[in-house]
Amino acid sequence: MTDPNRQKIIEKIDSSRDHAVKFLQDMVAIPSVTGDEAAIQRFMNDYLTGIGLDVDMWETDWEELKNHPGYRPVARGYEGRPNIVATLKGTGGGRSLLLNGHTDVIPVGNGEGWSDDPWSAKIENGRIYGRGSCDMKSGVASHVLAVQYLKELGLTPKGDVLINIVIDEEVSGHGTLDTVIRGYKADAGISGETSDLHVQPACIGRIWFEIEIQGKPAGIQQRYLGISGIALGQKIVEAVQELEDHRVATVKHPLYPSAIDSLPCIIGSFQAGNYPSAFPASALLKGSIGTVPGEDHEGVKRSLVRKIAECAAEDPWMKDHPPVVRFVGYDAEASEIPRDHAIVGTVGSVYTELTGKEPIISGRQGAADTRFLNSYGETPTVIFGPGSTAIMHANDEYVSIDDYLTAIKVMALCIYDWCNGAPLQRA
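In the working numbering, the protein residues as written are 112 to 538.
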């Protein structure tokens with residue numbers, strides 16, 4: 112390292128280990144299940160204001176959001192659920208960088224299956240445990256602390272740094288979409304989503320669907336006169352499996368070599384009947400499809416509709432009583448930026464500098480808000496964060512403290528390198 116500031120940054124973060132751990136513990140200890148993000152957002156607003164950043168906190172205008180092509184219907188509005196964008200204004204003449212992350216988390220149920228309170232933020236074996244520790248409060252914390260520590264060192268970069276801290280990612284991603292609508296953009300972006308510290312220029316898409324089946328009612332004593340919704344539903348399950356088999360065999364992407372992991376097409380819920388001694392004449396199946404960048408998102412939906420129609424046409428009952436396919440709930444397009452984009456190279460080179468290892472360039476096995484930044488926000492965004500997608504929604508969710516500190520260092524040096532570089536010429 113020929114630049115002495117780089118060593119100062121690393122030493123600053125190493126000496127701030129206890130502070131960084133405590134900050135993340137404080138975040139994890141605040142329950143913030145999607146829909147109830149008010150407390151965590153107030154905490155973040157107070158902290159960001161306290162370290163001297165310009166903070167914009169606002170509530171989403173649901174009606175305005177509905178007019179955007181990226182909007183997907185949701186059941187709950189946005190009153191009392193503010194978004195935050197905090198800005199470190201640069202000294203001028205550099206490139207801007209947007210750091211994106213969400214504070215909402217998935218539910219914990221009644222806590223059954225957890226070894227401890229899901230909000231305990233306990234430390235054990237070099238890990239911080241708790242819902243959101245991995246997905247993705249550690250990523251958000253790495254953004255905030257990278258900016259804070261640079262600021263404390265007097266190393267404010269030339270370009271602006273924007274920290275997006277958003278709501279509703281687990282349901283819709285509308286928090287990030289709303290920052291785009293509000294006009295926030297930068298020359299490049301980094302999402303702190305879970306990536307195992309891999310550099311990820313791509314994320315998969317996800318489509319939720321439901322299939323309603325109507326059989327023929329009958330009394331249980333004369334069930335042979337009826338048509339079972341369960342029996343019909345089993346044929347639909349097999350058809351969906353056939354669609355997955357076809358997609359795994361034919362859809363390819365270089366960042367997703369294991370197609371079976373990237374392209375799941377499954378039935379995750381099968382609801383039929385409501386009484387042990389009653390004939391189940393109807394059924395409701397719910398499932399999801401994974402997609403990879405480059406696919407026609409709406410075309411994938413049409414392929415499911417066609418497959419179910421083909422299945423129905425081969426059944427003597429369903430050909431005259433076709434199942435109804437609906438696309439409801441989560442609906443996220445796959446997204447990617449070029450692997451040779453400058454921000455991908457910046458993150459990768461900093462990672463190598465810090466660890467001595469070549470970065471793993473991969474595609475994220477999960478949807479991400481980067482789709483809005485890439486498609487609508489004029490902010491090409493790469494994913495890099497601590498934590499693993501394999502455990503992000505699991506009981507006893509955790510993040511490695513060492514990986515978390517590495518992420519802070521990578522973020523700080525990326526800000527230092529990127530934002531002090533020559534401004535980009537926008538088209």
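Heads up, the beta-carbon is just placed ideally off N, CA and C, and yes, glycines get one too.
Predicted model only: the values in this text are computed from it and were never measured.
Checking contacts by CB at 8 Å: is R450 closer than that to chain B? As a matter of chain content, chain B is missing from the structure shown, which is built from one protein chain.
Assuming A342 is part of the beta strand (DSSP E), what are its boundary residues? Element bounds for A342: not the beta strand (DSSP E) but the alpha helix (DSSP H), 340 to 361.
Please state the DSSP three-state secondary structure of I419. Reduced to three states, the DSSP call for I419 is helix.
Which class does G188 belong to by DSSP, given the choice of helix, strand or coil? It is coil, neither helix nor strand.
When you compare only the Cα positions, how much space is there between M138 and F390? Near 50 Å, if we compare the C-alpha coordinates of F390 and M138.
Do the CB positions of V219 and A197 come within less than 8 Å of each other? Against a cut-off of 8 Å, the Cβ pair of A197 and V219 comes out as no contact.
Cβ shell of K248 (< 7 Å), same chain only, five flanking positions each side left out: Cβ contact annotation for K248 (same chain, cutoff 7 Å, sequence separation greater than five): L135, M138, V139, T214, in chain order.
Thinking C-beta only, is G303 closer than 8 Å to L209? No, these two residues do not count as a Cβ contact at 8 Å.
Would you say the segment 416 to 436 touches the segment 345 to 356, given that touching needs at least three Cβ pairs under 8 Å? Short answer: they touch.
Report yes if the CB atom of A443 is closer than 8 Å to the CB atom of G316, and no otherwise. Result yes, Cβ atoms of A443 and G316 sit closer than 8 Å.
Would you report the Cα separation of S143 and G222, rounded to the nearest angstrom? Distance between the alpha carbons of S143 and G222 is about 15 Å.
Does H213 come out as helix, strand or coil in the three-state DSSP assignment? Here H213 sits in strand by DSSP.
What is the DSSP secondary structure of R482, counted as helix, strand or coil? If DSSP states are grouped into helix, strand and coil, R482 belongs with the helices.
Are the segment 282 to 292 and the segment 492 to 508 touching by the rule of at least three beta carbon pairs closer than 8 Å? The segment 492 to 508 and the segment 282 to 292 do not touch, with fewer than three beta-carbon pairs separated by less than 8 Å.
Can you tell me whether V436 is helix, strand or coil according to DSSP? Secondary structure of V436 (DSSP, three-state): strand.
What span of residues does the alpha helix (DSSP H) with W529 cover, start to end? Here the alpha helix (DSSP H) through W529 covers 512 to 530.
Cα-Cα separation, Y386 to A518: If I take the Cα positions, the gap works out to 52 Å.
With distances taken Cα to Cα, identify the nearest neighbour of T267 among G212, D228, G204. Ranked by Cα distance from T267, the options G212, D228, G204 are led by G204.
Looking at C-beta atoms only, is the number of pairs between the segment 321 to 334 and the segment 441 to 461 that lie closer than 8 Å three or more? With a cut-off of 8 Å, the segment 441 to 461 and the segment 321 to 334 do not count as touching, because too few Cβ pairs lie within range.
Spatial neighbours of Y260 in its chain, beta-carbon cut-off 8 Å, leaving aside the 5 residues before and after: Contacts found: I120, K123, I124, S127, I519, A523.
Going by alpha carbons, who is nearest to N194 out of I217, G146, G384, G344? The option with the nearest alpha carbon to N194 is G146.
Might you give, ordered along the chain, the residues of its own chain that have their beta carbon closer than 6 Å to the beta carbon of I378, omitting 5 neighbours on each side? Hits under 6 Å: V348, V351, L396, G398.
Have a look at E593 and L176 and give me their C-alpha separation to the nearest angstrom. Nothing about residue 593 can be reported from this structure: the residues present for the chain run from 112 to 538 only.
Specify the secondary structure class of Y335 as computed by DSSP and reduced to three states. Three-state result, Y335: helix.
In terms of residues, what are the limits of the beta strand (DSSP E) holding R475? If you look at R475, you'll find it in the beta strand (DSSP E) that goes 472 to 475.
Distance CB(I526)-CB(V362) smaller than 8 Å: No.
Residue from W169, D289, N156 with nearest C-alpha to V255: When C-alpha distances from V255 are compared across W169, D289, N156, the shortest belongs to N156.
Just to check my reading of the structure: T490 and G300 have Cβ atoms closer than 8 Å, yes? What is that Cβ distance to the nearest angstrom? The pair is a contact, with the Cβ atoms about 4 Å apart (cut-off 8 Å).
Indicate whether W529 and R206 have their beta-carbon atoms separated by less than 8 Å. A contact, by the Cβ cut-off of 8 Å.
Going by beta-carbon coordinates alone, are A478 and P404 separated by less than 8 Å? In this structure, P404 does not lie closer than 8 Å to A478 by Cβ.
Spatial neighbours of I471 in its chain, beta-carbon cut-off 6 Å, leaving aside the 5 residues before and after: Cβ neighbours of I471 within its own chain (closer than 6 Å, five residues either side excluded): H309.
Using DSSP with H/G/I as helix, E/B as strand and the rest coil, what is D137? Assignment of D137 by DSSP, reduced to helix, strand and coil, places it in the helix class.
Could you check which residue in A297, F154, W428, K346 has the C-alpha nearest to that of V251? Residue F154 holds the alpha-carbon nearest to the alpha-carbon of V251 among A297, F154, W428, K346.
K418 burial status per 10 Å Cβ neighbour count (16 or more: buried): When all chains shown are included, K418 counts as buried.
Considering only the beta carbon of each residue, do S473 and Q345 sit closer than 8 Å? The answer is no: Cβ separation not under 8 Å.
How would you write the range of the alpha helix (DSSP H) that N385 sits in, first residue to last? Looking at the DSSP string, N385 is not in any alpha helix (DSSP H), and its letter there is neither H nor E.
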